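Student: In the numbering used here, the protein residues as written are 1 to 587.
Ideal placement from N, C-alpha and C gives every residue a C-beta, glycine not left out.
The structure displayed is predicted, hence computed values, not measured ones.
The structure follows.
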């Protein structure tokens, strides 16, 4: 009996402890959700906005209500480009914010997004508040942002990457050869290199030509801006890269790429001096996530007049996929903005390597319809190529950053003959009965006839004619001139502006200004409405337990993760495609 009461007592105590812990967790969750709900956070006087850019940066951020709660913070943090820019604009006017501290070692984003962040920091500095950057190491992407700082600190044992940009492609021909899979390719244009990873083991001369051209355009822009910010000649910066002169933190200091070699505690000491506070006093840092809920000093404008910014970020697919540019969803958003009398102008923000040609055309139609009743301006981010350009080309004006990757006007189709793989590797064979000669066309389990291949090629040819004719119409240039810029060729934003594929160079803010001006709206007379909005805190709570799919792949597979991602992309490639090459990574 004594043993029985001992177990009962232990159970009761255990239940009480569990209830108490659960209560504390509910309080913590409640406080997190309260913060995520938008309750205004008080910013202490003499604060410093602390921005850690060592995370994925996307157009629309992801709320992580459990950031800073240890075990709950399983998904890391996705920084929203729009959120970051709005925070810097607000901090510029906020009397409690005295400066910005940047940790920008290895930002995970494209060069046009870096350009937007960099320009936002330059604008912030007009307030005469300080900007400092610190890194234990810095990639060239990280340094590009840091280069605008008043002081750049590098850890004494750290390093700065300074060896130039490179663009690397991944090729799968050898894999398919080993598996007995035969890709059957249909394309138009010598520069449509998106199919090369499946039929070659290296770059074609045409692809090398275009990649060399746009990569040097990006690099020249990068060097020119760094040279201006740091007061160094471009020629000197090129020589430092050619000679691999920057191997240590001391090398970076001697080359004047950084202003000081220091440990983090020394950086804090200098910040205290800037704040004019005692060296023992704790610095009041406020993180980007918390500052998003601080008091707003930027006036929002007249709510009766709106400029709708519709963000299209990801691959282009059909349907209503939330994680990509889904044609049904985006077309509906454009349609709603067109029919909303409060919306006076529309900006389509495109960040996409392309995808389904059919889905691109569905959205293009809505852009054209909207442009007939109110101004539509396209704003290009890191990529607006192929299908991404298709989406933008119906707009009244197109705005791109100098280092945007765009163009790639062309389409392709691809069918995989897996007969050899199933028969020789798995011992699986197929047979069939048909009612007509080509009932099983196109087939993945037999060799297609020349007639069938020609039918598919003609379909791709028709798609290319549709794409180029609509592009010529949208850009108001002769079709022959447009085709001379097409053939799948990729251009930088600078090059696209020079050849007429883009109207203006600049970021999202410039696109909004152009759209508002076209709608006869004066500054302060309109409010910007972004679509889609951030996912709510409850959705992110669920994701915190399940984990982001790509992050799970990275955690489990490491360096192999990108190859699984490519296979997933292949599964989405239905019908003719208008997209950049797989795995284009500019570092």
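Could you check the C-alpha separation between residue 457 and residue 107 for me, to the nearest Å?
Tutor: When rounded, the distance between both Cα atoms is 41 Å.
Student: With a 10 Å radius around its C-beta and 16 neighbouring C-beta atoms as the bar for buried, classify residue 32 as buried or exposed.
Tutor: Because the pLDDT of residue 32 is 48, which lies under 50, any placement of that residue in the model is unreliable, and the number read from its coordinates should be weighed accordingly. By the 10 Å Cβ count, residue 32 comes out buried.
Student: Based on the DSSP output, what are the partners of residue 380 in its beta bridges?
Tutor: Answer is 350 and 400.
Student: By how many angstroms is the C-alpha of residue 125 removed from the C-alpha of residue 271?
Tutor: Using only the alpha carbons, I get a separation of about 16 Å.
Student: For residue 342, which option in 519, 478, 495 and 319 has the closest C-alpha, if you only look at C-alpha atoms?
Tutor: Comparing Cα-Cα distances from residue 342 to each of 519, 478, 495 and 319, the minimum goes to 519.
Student: Using 8 Å for Cβ pairs, my map puts residue 399 next to residue 506. What's the rounded Cβ distance?
Tutor: Yes, residue 399 and residue 506 are in contact; Cβ-Cβ is about 5 Å, under 8 Å.
Student: Run through DSSP, which three-state label would residue 313 get?
Tutor: Strand.
Student: If you draw a straight line from the C-alpha of residue 336 to the C-alpha of residue 289, how long is it?
Tutor: If you take the alpha carbons of residue 336 and residue 289, they lie about 30 Å apart.
Student: Within 10 Å of its beta-carbon, does residue 57 have 16 or more other beta-carbons around it, so buried, or fewer, so exposed?
Tutor: By the 10 Å Cβ count, residue 57 comes out buried.
Student: How should residue 587 be labelled, buried or exposed, when 16 other C-beta atoms within 10 angstroms of its C-beta is the threshold for buried?
Tutor: By the neighbour-count rule (16 or more Cβ atoms within 10 Å), residue 587 is not buried but exposed.
Student: Shortest alpha-carbon distance to residue 509 belongs to which of 201, 379, 481 and 460?
Tutor: It is 379.
Student: How big is the Cα-Cα spacing for residue 45 and residue 294?
Tutor: Those two C-alpha atoms are separated by around 13 Å.
Student: Where do the N-terminal and C-terminal ends of the beta strand (DSSP E) with residue 445 fall, by residue?
Tutor: It is not in any beta strand (DSSP E) - residue 445 carries neither H nor E in the DSSP assignment.
Student: Let me make sure I understand the geometry here. Which of 499, 141 and 99 has the alpha-carbon closest to that of residue 221?
Tutor: If we check each option's Cα against that of residue 221, 141 comes out closest.
Student: So, for residue 199: in the same chain, excluding its five sequence neighbours on each side, which residues have a beta-carbon less than 7 Å away from its beta-carbon?
Tutor: Same-chain partners within the cutoff: 173, 183 and 185.
Student: Can you name, in chain order, every residue of its own chain whose Cβ lies under 6 Å from the Cβ of residue 137, other than the five neighbours on each side?
Tutor: These residues qualify, in order along the chain: 105, 158 and 159.
Student: Report the residue ranges of all alpha helix (DSSP H) runs contained in full by the stretch 145-214; include only those spanning at least 4 residues, in chain order.
Tutor: Segments of the alpha helix (DSSP H) lying fully in the stretch 145-214: 173-179 and 196-199.
Student: What's the call for residue 313, buried or exposed, on a 16-neighbour Cβ count within 10 Å?
Tutor: Buried is the call here.
Student: Start and end of the alpha helix (DSSP H) containing residue 329?
Tutor: Run containing residue 329: 327-339, per the alpha helix (DSSP H) assignment.
Student: According to the Cβ coordinates, are residue 393 and residue 281 closer than 8 Å?
Tutor: Going by C-beta atoms, residue 393 is not nearer than 8 Å to residue 281.
Student: Roughly how many angstroms lie between the CA atoms of residue 589 and residue 306, to the nearest whole one?
Tutor: Since the first residue of the chain shown is 1 and the last is 587, residue 589 is not available in this structure.
Student: How big is the Cα-Cα spacing for residue 516 and residue 530?
Tutor: Straight-line Cα distance between these residues: approximately 15 Å.
Student: Please give me, in chain order, every unbroken run of the alpha helix (DSSP H) with length at least 4 that falls completely inside the stretch 217-288.
Tutor: Those alpha helix (DSSP H) runs which fall completely within the stretch 217-288 and span 4+ residues are 234-242, 249-254 and 264-275.
Student: Give the straight-line distance between the Cα atoms of residue 484 and residue 205, rounded to the nearest whole angstrom.
Tutor: Whole-angstrom Cα-Cα distance: 18 Å.
Student: May I ask you to verify whether the stretch 116-135 touches the stretch 84-100, counting CB pairs closer than 8 Å and requiring at least 3?
Tutor: Yes: at least three Cβ pairs fall under 8 Å.
Student: Quick test of the definition: if touching needs 3 or more C-beta pairs under 8 Å, does the stretch 258-272 touch the stretch 162-181?
Tutor: The answer is no - the stretch 162-181 does not touch the stretch 258-272, with fewer than three Cβ pairs under 8 Å.
Student: Go ahead and pull the three-state DSSP assignment for residue 292.
Tutor: Here residue 292 sits in coil by DSSP.
Student: Expressed to the nearest angstrom, what Euclidean distance is found between the alpha-carbon atoms of residue 39 and residue 297?
Tutor: Answer to the nearest angstrom: the Cα atoms are 16 Å apart.
Student: State the Cα-Cα distance for the pair residue 192 and residue 488, rounded to the nearest angstrom.
Tutor: One C-alpha to the other measures close to 4 Å.
Student: Give the single residue among 258, 422 and 291 whose Cα lies nearest to the Cα of residue 41.
Tutor: Of 258, 422 and 291, the residue nearest in Cα terms is 291.
Student: Can you tell me which of the three DSSP states residue 433 falls into?
Tutor: Here residue 433 sits in coil by DSSP.
Student: Helix or strand or just coil, what does DSSP make of residue 36?
Tutor: Bear in mind that a pLDDT of 49 at residue 36, under 50, signals an unreliable position, so the number given afterwards is only what the model happens to contain. It is helical.
Student: Return the chain-ordered list of same chain residues with a C-beta closer than 7 Å to the C-beta of residue 323, the five sequence neighbours on each side being excluded.
Tutor: Excluding residues within five positions, the ones whose Cβ falls inside 7 Å are 314.
Student: So the alpha helix (DSSP H) residue 416 belongs to, where does it begin and stop?
Tutor: Element bounds for residue 416: not the alpha helix (DSSP H) but the beta strand (DSSP E), 412-417.
Student: Would residue 303 be called buried (16 or more neighbouring beta carbons within 10 Å of its own) or exposed?
Tutor: The residue in question, residue 303, is exposed, as its Cβ has fewer than 16 Cβ neighbours within 10 Å.
Student: Spatial neighbours of residue 110 within its chain, please: C-beta separation below 6 Å, excluding the five flanking residues on both sides.
Tutor: Around residue 110: 382.
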